[in-house]
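**Q** Let me begin by handing over the structure; questions about it come next.
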Ligand code: ADP
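Numbering (my numbering), first residue to last: 332 to 491.
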């Protein structure tokens, strides 16, 4: 059976931290679905379609990676897609505590889905989408924090 993993997140925007986790996970899974969570209650800076377009550009030459979005429970989405694994990245012990709670609840909801965590490389530990967003909003150059394929000037955010 194919090993399919879902990498869920807000990706507002997608950073080199996210990219690093996905590229490394390619050696573990046959397919990875990067799934942007579409939460009607949570306002984003980049609209959903823009976030998906950015990520698709990064992985346009990688047929084993697809980009999608979902609403509702992540585990329900995984089941719909036939994915047995939920991929997440860990930067700090705070990430660990947050992820532990979610993964344990997900396990209780759907026992056959395994959460898999990859520790970020040290250089990516301090990178998070909130800081990158703040730099962009304030007119700074955040290009070193996003994948080379993403030219931030091509995308427009919305004030939240
Ligand atoms: P969420 O809104 O679910 O936190 P994010 O887009 O912030 O979504 O993150 C998605 C996943 O990527 C999470 O598992 C998060 O821990 C991980 N992640 C975010 N930034 C980094 C980074 N710099 N290095 C490694 N993993 C990261």
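Positions of the beta carbon are idealized from the N, C-alpha and C atoms, including for glycine.
Quick one: using the 10 Å Cβ neighbour count with 16 as the cut-off for buried, is residue 350 buried or exposed?
**A** The residue is buried, with at least 16 neighbouring Cβ atoms inside 10 Å.
**Q** Reducing DSSP to helix, strand and coil, say where residue 486 ends up.
**A** Three-state DSSP puts residue 486 in coil, outside helix and strand.
**Q** For the alpha helix (DSSP H) that residue 460 lies in, which residues bound it at each end?
**A** Its alpha helix (DSSP H) spans residues 460-468.
**Q** Where in the segment 399-455 do unbroken runs of the beta strand (DSSP E), each at least 3 residues long, occur, reported from the N-terminal end onward?
**A** Counting only runs of 3 or more, we get 416-421 and 445-450.
**Q** Taking residue 479 as the reference, give the member of 363, 337, 384 and 388 with the closest Cα.
**A** Checking every option, the nearest Cα to that of residue 479 belongs to 388.
**Q** Pairs of beta-carbons, one from the segment 392-401 and one from the segment 363-377, closer than 8 Å: are there three or more?
**A** With a cut-off of 8 Å, the segment 363-377 and the segment 392-401 count as touching, because enough Cβ pairs lie within range.
**Q** Kindly confirm or deny that the segment 337-349 and the segment 370-387 touch, where touching means at least three C-beta pairs closer than 8 Å.
**A** Enough Cβ pairs lie closer than 8 Å, so yes.
**Q** Select from 429, 485 and 337 the residue whose C-alpha is nearest the C-alpha of residue 405.
**A** Measuring from the Cα of residue 405, the nearest candidate turns out to be 337.
**Q** Between residue 339 and the ligand ADP, is the CB less than 7 Å from at least one heavy atom?
**A** Yes, the ligand ADP has a heavy atom inside 7 Å of this Cβ.
**Q** Less than 7 Å separating the Cβ of residue 455 from some heavy atom of the ligand MG?
**A** Looking at this structure, you won't find the ligand MG anywhere; what it does contain is the ligand ADP.
**Q** Does any heavy atom of the ligand ADP sit closer than 7 Å to the C-beta of residue 348?
**A** Residue 348 Cβ: within cutoff of the ligand ADP.
**Q** Does the segment 439-458 come close enough to the segment 412-423 to have 3 or more Cβ pairs within less than 8 Å?
**A** Contact between the segment 439-458 and the segment 412-423 is present, because at least three Cβ pairs lie under 8 Å.
**Q** Would residue 410 and residue 367 qualify as a contact pair, given that the criterion is a beta-carbon distance under 8 Å?
**A** No, they are not a contact pair.
**Q** When DSSP labels each residue in this structure, what does residue 393 get in the three-state scheme?
**A** If DSSP states are grouped into helix, strand and coil, residue 393 belongs with coil.
**Q** Could you tell me how far apart the beta carbons of residue 431 and residue 456 are, in whole angstroms, since I believe they sit closer than 8 Å?
**A** About 18 Å; that fails the 8 Å criterion.
**Q** Would you kindly check if the distance between the Cβ of residue 483 and the Cβ of residue 469 is under 8 Å?
**A** No, these two residues do not count as a Cβ contact at 8 Å.
**Q** Comparing alpha-carbon positions, which option in 356, 376, 358 and 339 lies nearest residue 466?
**A** Of the candidates 356, 376, 358 and 339, the one whose C-alpha sits nearest the C-alpha of residue 466 is 376.
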